[in-house]
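Everything on this sheet refers to the single structure shown next.
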Amino acid sequence: MAYCAIIARDAKWSIRAAIECFRAKQRNDLMQESYAQQYALLERDHWWFRARRLILRDLLARLKWPPQPKILEVGVGPGYNLLEIYPSDARLEGAEPDPTLAGLAASRGPAPVFNASIDQLPSEIQEGSYDGVTMFDVLEHIPDDAHALQIVNRKLKPGGRVALSVPAYMWLWGQQDIVNQHCRRYTMTEVRRKLQTAHFTIERMTYFNTFLFLPIAVVRLISRFSRQAYKAEGDFAHVRRPSNALLFTLFGAERFALRYLHFPFGVSIFAVARKEYIE
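Here the sequence shown stands for residues 2 to 280, numbered as in my numbering.
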């Protein structure tokens, strides 16, 4: 009976996710405007964003890029990734659908940033011209994620790479997903299937945000089964400085383990895949 209750709850949350995704598509935006403003303020200092940048920088640095790789980041937000995580010689470009965030990213440099969504990229972002396309916590916002990956494939040179991260496990669906207008969370099997369908060859996949998985899961599940599960705030409430420093250290330390290990579970998934050669 308990198992059936969990399945029923999962079905209800999957339906709610589909509804939120439909609403986001109708509004043609990726997050609530007020929350976009909060993200711009949070991303510089919040432990989750700072530690994720450390991890992504370490993972990307271990890939074999050509000299002066041309890299497009889709969904740059306020632009801190462009400043911190890519090879120093990379030729960077960005795309961001939210006009407020796109303006902030462009003002920071060091790359041109286009105010555009994945399905409305400007002519300057040409097909077959990029060594890499990155999408960090972006794919879950897009109603037709399969089509988005096909677009990414077309933008890449033969043998070019896509690097992405997405939130893991639909059973962890919570307030953050609602506020951010997510359409879904993923399993590694789902990410692998979608990449392969879009004609990518997987090079690496791993879960991450593993060290903090248990406390995050407990908080999400308590919130999920409570009456406050759909309140307007997300997870990124103000964190006191000592807690912020501790959580940053714990999450950021995963980069050392990820140099040698693939985590079997985590709050997020990281994947790198190479564009297949199609004759």
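Ideal Cβ placement from N, Cα and C applies to all residues, glycine included.
Residues that residue i bridges to, as DSSP identifies them
i	result
Glu74	Gly95, Thr135
Pro168	Ser269
Tyr208	Phe264, Ile270
Arg162	Gly133, Arg275
Thr202	Arg275
Leu115	The identity of residue 115 in the sequence shown is Phe, whereas the question assumes Leu. Answer by DSSP bridge pairing, in chain order: Ala96.
Tyr187	Ala169
Phe157	Note that residue 157 is Leu in the sequence shown, not Phe. According to DSSP, which records beta bridges pairwise, Leu157 is partnered with Tyr131.
Inter-residue spacing [alpha-carbon to alpha-carbon] between residue i and residue j
i	j	result
Glu125	Pro98	16 Å
Leu222	Phe257	29 Å
Leu83	Asn181	21 Å
Tyr278	Ile119	23 Å
Trp49	Leu248	8 Å
Gln39	Val167	20 Å
Leu43	Val240	10 Å
Pro111	Phe226	44 Å
Thr202	Gln176	34 Å
Glu255	Ser108	31 Å
Ala233	Leu165	Legend: pLDDT at Ala233 = 49, less than 50; position of this residue unreliable, no value from coordinates given.
Arg92	Pro100	22 Å
Arg260	Pro243	27 Å
Met171	Leu105	32 Å
Leu102	Arg53	19 Å
Asn210	Gly253	9 Å
Ala147	Phe137	16 Å
Ile190	Leu57	Note that residue 190 is Thr in the sequence shown, not Ile. Whole-angstrom Cα-Cα distance: 21 Å.
Asp145	Gln151	10 Å
His200	Val153	11 Å
Pro70	Lys276	15 Å
Exposed unless 16 or more other CB atoms sit within 10 angstroms - verdict on residue i
i	result
Glu74	buried
Asp46	exposed
Thr207	buried
Asp90	exposed
Glu204	exposed
Lys65	exposed
Ala169	buried
Ala246	exposed
Pro67	exposed
Val77	buried
Leu173	buried
Arg63	exposed
Arg28	Below a pLDDT of 50, predicted positions are generally treated as unreliable, and Arg28, at 49, falls in that range; no measurement from the model is reported.
Pro79	buried
Inter-residue CB distance, residue i and residue j (contact presumed, cutoff 8 Å)
i	j	result
Tyr87	Leu61	6 Å
Val163	Val134	5 Å
Glu94	Pro113	6 Å
Near the ligand MN: residue i beta-carbon under 7 Å from a heavy atom
i	result
Glu44	By its list of ligands, the structure shown contains no ligand whatsoever, and the ligand MN lies outside what it can speak to.
Within the chosen definition, does the region 196-207 reach the region 268-275 through at least 3 CB pairs nearer than 8 Å? A contact exists between the region 196-207 and the region 268-275.
Three or more C-beta pairs closer than 8 Å, one from the region 135-153 and one from the region 175-193: is that the case here? Verdict: yes, contact present.
Is the number of C-beta pairs between the region 208-216 and the region 250-268 that are closer than 8 Å three or more? In short, these stretches touch, since the Cβ pair count reaches three.
Is it the case that the region 129-136 contacts the region 156-174, given that we only count it when at least three CB pairs across the two stretches are under 8 Å? At 8 Å Cβ cutoff, the stretches touch.
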